[in-house]
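Notes follow once the structure below has been shown.
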Amino acid sequence: CGSREYKCTAGACIDIEAKCDGTWDCAHGDDEIDCGELLTQIGGEGEVLPSTDDNKCRHGGTLCIPDIWKCDGDTDCDDGSDDAHCEITAEEEISLLIE
């Protein structure tokens, strides 16, 4: 890899700016592991999330995810902990009953 690239564990080289950007660019997501802070783009605005337990996947606890990825119905953590223990809103419950 070049000086401005990050080497993924699978061997691929990605642009260094893709490391810790909130998107898995490496096959195993290792470009998002052990990020002190995670910069994500939400609606064109940059938001910095601290590397806290609230922003980490539970199993293994190294992948940080944006807060808006929690309880969104998409499994972002391998163990599904980002969508575990989510309260269903009354509106969602009515929608489920109708279906």
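Each residue of the sequence shown is one higher than the one before, counting from 1140 in my numbering. Think of the CB as a built atom: it goes at the ideal place given N, C-alpha and C, for glycine as much as any other residue.
Counted as a single uninterrupted DSSP element, the beta strand (DSSP E) harbouring Glu1144 occupies residues Glu1144 to Lys1146. Between Cys1165 and Ala1151 a beta carbon distance of about 6 Å is seen, short of the 8 Å cut, so the two are scored as contacting. Exclusion of the five residues before and after Thr1214 leaves Asp1221 and Asp1222 as the residues of its chain whose Cβ lies within less than 8 Å of its Cβ.
DSSP, read as helix, strand or coil, puts Asp1206 in helix. Ile1204 sits close to Cys1196, with the two beta carbons spaced by under 8 Å. Between Ile1153 and Cys1147, the C-beta gap is smaller than 8 Å, which places the two residues in contact.
The residue from Cys1216, Glu1226, Cys1210 and Asp1170 with its alpha-carbon nearest to that of Tyr1145 is Asp1170. Under the three-state reduction of DSSP, Asp1221 is assigned to helix. Taking every protein chain shown into account, the CB of Cys1216 has 16 or more other CB atoms within 10 angstroms, so this residue is buried. When secondary structure is reduced to three states using DSSP, Asp1170 falls in the helix class.
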